[in-house]
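Below: one structure, written as structure tokens.
There are 2 protein chains.
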Amino acid sequence: MQAIQDSYPDNVAHCYGCGSQNAHGHRIRTFQEGEETVTRFTPEAYHTAIPGFVYGGLLASLIDCHGTATAAAARYRAEGREIGSAPVLRFVTASLSVSFLKPTPLGGELEIRGRVKELRGRKVIVEASVFADGVETVRGEVVAAEMPASFGN
Amino acid sequence: MQAIQDSYPDNVAHCYGCGSQNAHGHRIRTFQEGEETVTRFTPEAYHTAIPGFVYGGLLASLIDCHGTATAAAARYRAEGREIGSAPVLRFVTASLSVSFLKPTPLGGELEIRGRVKELRGRKVIVEASVFADGVETVRGEVVAAEMPASFGN
Numbered sequence: 001m002q003a004i005q006d007s008y009p010d011n012v013a014h015c016y017g018c019g020s021q022n023a024h025g026h027r028i029r030t031f032q033e034g035e036e037t038v039t040r041f042t043p044e045a046y047h048t049a050i051p052g053f054v055y056g057g058l059l060a061s062l063i064d065c066h067g068t069a070t071a072a073a074a075r076y077r078a079e080g081r082e083i084g085s086a087p088v089l090r091f092v093t094a095s096l097s098v099s100f101l102k103p104t105p106l107g108g109e110l111e112i113r114g115r116v117k118e119l120r121g122r123k124v125i126v127e128a129s130v131f132a133d134g135v136e137t138v139r140g141e142v143v144a145a146e147m148p149a150s151f152g153n
Numbered sequence: 001m002q003a004i005q006d007s008y009p010d011n012v013a014h015c016y017g018c019g020s021q022n023a024h025g026h027r028i029r030t031f032q033e034g035e036e037t038v039t040r041f042t043p044e045a046y047h048t049a050i051p052g053f054v055y056g057g058l059l060a061s062l063i064d065c066h067g068t069a070t071a072a073a074a075r076y077r078a079e080g081r082e083i084g085s086a087p088v089l090r091f092v093t094a095s096l097s098v099s100f101l102k103p104t105p106l107g108g109e110l111e112i113r114g115r116v117k118e119l120r121g122r123k124v125i126v127e128a129s130v131f132a133d134g135v136e137t138v139r140g141e142v143v144a145a146e147m148p149a150s151f152g153n
């Protein structure tokens, strides 16, 4: 299945969180499912905060990259275009806020679900949550901005 | 020199961002310098966002762990105690917000500087910024909460 990140041009696909060209990174993949976007990711054993729980910085990172993908998908949709059709859209993060509602257990797959809160010019505001075994543990918001044309050159 | 993280008990020192017991992690070290706290960290070449710039998830992670260290130091100080004196203080993140003011160039040491905004019961609110070559590129706020006693057991 085609992930939103599969549409990113190779010259801007090096992101540690979501770039297909980054061998060291998380390479998350995000899919549109109805009105929501979904990323599934299994942290490594060393992605720990306090023993038994997932590192908050990783959870913030997942929400971040999930948010920029959701923003791109939303803009394609608003323009009535196929994801990846020219001109290709790529978003970066202007700001990120994350609330850790409860500790996220380490040891299984996490699901990140997002939705668009607002489309505003070159910016898209995305809400996203992390679920572990169906329980929401983290809630975040990403303000994503269309990438300046000078990036990646 | 003694870092704030050196005071964390071994059973809760596995954090991917700042735990001395995590061989895979960033193991950041934070120091009190007058009224501010300072962490210096050099990202790896693969910690990239768009080529040439530092990955936002890493920057958020640095602010996060810098914030919890700053919170612990502030509480010791408010209680008139040496850092690491019993009972040992360890903070976790309740919420985190980060604004990416401009792209952070990849390739050199970053400086994270923090200060306490508010001490409120078991919570400490910390403001922190990332500087690259003396230029502020990221600004964030961490609400840190004293770790529940059940953690790490």
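So the protein sequences, as listed, match chains U and S. Residues in the first sequence are numbered from 1 upward in steps of one, following the UniProt record's numbering. Residues in the second sequence are numbered from 1 upward in steps of one, following the UniProt record's numbering. Heads up, the beta-carbon is just placed ideally off N, CA and C, and yes, glycines get one too.
### Query
At a CB-CB cut-off below 8 Å, which residues of chain S make contact with Asp64(U)?
One-based indexing of the first sequence puts residue 64(U) at position 64. Correct list: Gly56, Gly57, Ala60.
### Query
Near Glu82(S), what residues of its chain come up, given a Cβ to Cβ distance below 8 Å and the 5 sequence neighbours on each side ignored?
To locate residue 82(S), count along the second sequence from 1; it is residue 82. Sequence-distant Cβ neighbours of Glu82(S) in its own chain, meaning closer than 8 Å and more than five residues away, are Tyr76.
#### Entry: Interface residues of chain S facing Ser97(U) [CB-CB closer than 8 Å]
Reading the first sequence from its first residue, position 97 is the one you call residue 97(U). Ser95, Leu96, Ser97, Val98, listed in chain order.
### Query
Are there 16 or more other CB atoms within 10 angstroms of the CB of Ala73(U), so buried, or fewer, so exposed?
For the purposes of this step, residue 73(U) is taken as the residue at position 73 of the first sequence. Result: buried.
### Message
Tell me which residues share the same chain as Thr39(S) and place their Cβ nearer than 6 Å to its Cβ, disregarding the 5 neighbours each side in the sequence.
### Response
The residue you call residue 39(S) lines up with position 39 of the second sequence. Within the same chain, Thr39(S) has close Cβ partners Ile28, Thr30, His66, Ile112.
### Query
Would you call the CB atoms of Glu141(U) and Phe91(U) closer than 8 Å?
For this step, residue 141(U) is matched to residue 141 along the first sequence. For this step, residue 91(U) is matched to residue 91 along the first sequence. Result no, Cβ atoms of Glu141(U) and Phe91(U) do not sit closer than 8 Å.
#### Entry: CA nearest to the CA of Ile125(U), picked from Pro43(U), Arg115(U), Leu89(U), Asn11(U)
Locating residue 125(U) in the first sequence gives position 125, counting from the first residue. Comparing Cα positions, the closest option is Arg115(U).
### Message
Just to check my reading of the structure: Leu96(S) and Ile50(S) have Cβ atoms closer than 8 Å, yes? What is that Cβ distance to the nearest angstrom?
### Response
Numbered from 1 along the second sequence, position 96 holds the residue referred to as residue 96(S). Numbered from 1 along the second sequence, position 50 holds the residue referred to as residue 50(S). Wrong, their Cβ atoms sit about 22 Å apart, outside the cutoff.
### Task
Classify Ile50(S) as helix, strand or coil using the three-state DSSP reduction.
Working through the second sequence from its first residue, we reach residue 50(S) at position 50. Three-state DSSP puts Ile50(S) in coil, outside helix and strand.
### Task
Please classify Ser85(U): does DSSP put it in a helix, a strand, or coil?
The residue labelled residue 85(U) in the question sits at position 85 within the first sequence. Judged by DSSP in its simplified three-state form, Ser85(U) adopts coil rather than helix or strand.
### Message
DSSP three-state label for Ile28(S), please.
### Response
Along the second sequence, one-based indexing puts residue 28(S) at 28. Of the three classes helix, strand and coil, the one that applies to Ile28(S) here is coil, per DSSP.
### Query
How would you list, in chain order, the residues of chain U whose beta-carbon sits under 8 Å from the beta-carbon of Gly8(S)?
On the second sequence, position 8 is the one that residue 8(S) refers to. Going by the sequence as given, residue 8(S) is Tyr instead of Gly. Under the 8 Å cutoff, chain U gives no residues; its nearest Cβ is about 10 Å from Tyr8(S).
### Task
Throw me the rounded Cβ distance for the Thr93(S) and Ala132(S) pair, which I believe falls under 8 Å.
One-based indexing of the second sequence puts residue 93(S) at position 93. One-based indexing of the second sequence puts residue 132(S) at position 132. Cβ atoms of Thr93(S) and Ala132(S) stay farther apart than 8 Å, at about 23 Å.
### Task
Write down the C-beta distance between Gly17(U) and His24(U) rounded to the nearest angstrom, noting that I regard them as a contact closer than 8 Å.
Here the question's residue 17(U) lines up with position 17 in the first sequence. Here the question's residue 24(U) lines up with position 24 in the first sequence. Between His24(U) and Gly17(U) the Cβ distance is about 11 Å, and since that is not below 8 Å, they are no contact.
### Task
Taking only beta-carbon positions, decide if Ala71(U) is within less than 8 Å of chain S.
Taking the first sequence and counting its residues from 1, the one referred to as residue 71(U) is at position 71. Not a single C-beta of chain S is nearer than 8 Å to the C-beta of Ala71(U).
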